[in-house]
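In what follows, a structure is listed as structure tokens, so that the remarks can point back to it.
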Amino acid sequence: MKDCDLAYGYKTVVTGLNGSVEAGEALALIGPNGSGKTTFLQAIIGIVRVSHGSLTMPKTVSIGYVPQQVDLDLTFPITARQVVAMGLSRQTGFLGLLKKSQKKSVEDALNHVGLLNRA
Numbered sequence: 001m002k003d004c005d006l007a008y009g010y011k012t013v014v015t016g017l018n019g020s021v022e023a024g025e026a027l028a029l030i031g032p033n034g035s036g037k038t039t040f041l042q043a044i045i046g047i048v049r050v051s052h053g054s055l056t057m058p059k060t061v062s063i064g065y066v067p068q069q070v071d072l073d074l075t076f077p078i079t080a081r082q083v084v085a086m087g088l089s090r091q092t093g094f095l096g097l098l099k100k101s102q103k104k105s106v107e108d109a110l111n112h113v114g115l116l117n118r119a
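Sequential numbering from 1 applies to the sequence shown in the UniProt record's numbering.
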């Protein structure tokens, strides 16, 4: 990233970010509440807009993000089995049709964490 400013809509909330992380390196974000840690992470995954400067990521990088707070719809019709199977979406394609071996992998994962009987 170079001279990055981050914005929510038209309001700039973080300014002057510079730095890089090379393959194999780790990065720790520390700071007080409201200092921009979450905003920075959201910019990396594209939720927050870079209003100035540049932030680049290799196309081969995959990032998972779990927000601190979510609106949970308890009526959302999805099972634990379907959630685990989503982890295979790169291999199953758009329709998500699982092969026998992939179904076994999903069951093994659910069994490993003690959720097979609840899936």
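Even for Gly, the Cβ is constructed at its ideal location relative to N, Cα and C.
Relative to the C-alpha of residue i, which candidate in the options has its C-alpha closest?
i, options, result
"Val83", "Tyr10, His52, Arg118, Gln69", "Arg118"
"Ile45", "Gly16, Gln102, Val66", "Val66"
"residue 120", "Gln69, Thr56, Ser20, Lys103", "Because the chain here runs from 1 to 119, residue 120 falls outside it and cannot be looked at."
"Gly19", "Lys11, Pro32, Gly53, Leu110", "Gly53"
"Lys11", "Ala109, Gly87, Val50", "Val50"
"Gly36", "Glu25, Gly24, Leu17", "Leu17"
Hey, residue i and residue j are a contact pair by Cβ (cut 8 angstroms); roughly how many whole angstroms apart?
i, j, result
"Leu98", "Ala85", "6 angstroms"
"Met1", "Leu41", "Going by Cβ atoms, the distance from Met1 to Leu41 rounds to 12 angstroms, so no, they are not a contact pair."
Between which two residues does the beta strand (DSSP E) harbouring residue i extend?
i, result
"Tyr10", "Neither: Tyr10 is in no beta strand (DSSP E) and is coded neither H nor E."
Does the separation of the CB atoms of residue i and residue j fall below 9 angstroms?
i, j, result
"Val14", "Cys4", "yes"
"Val21", "Leu27", "yes"
"residue 122", "Val106", "Nothing can be reported for residue 122, as the shown portion of the chain is limited to 1 through 119."
"Leu6", "Ala43", "yes"
* Starting from the N-terminal side, write out each stretch of the beta strand (DSSP E) that is 3 residues or longer and does not extend beyond the UniProt domain "ABC transporter" (15 to 116). => If only uninterrupted beta strand (DSSP E) runs of at least 3 residues are considered, those enclosed by the UniProt domain "ABC transporter" (15 to 116) are 49 to 54.
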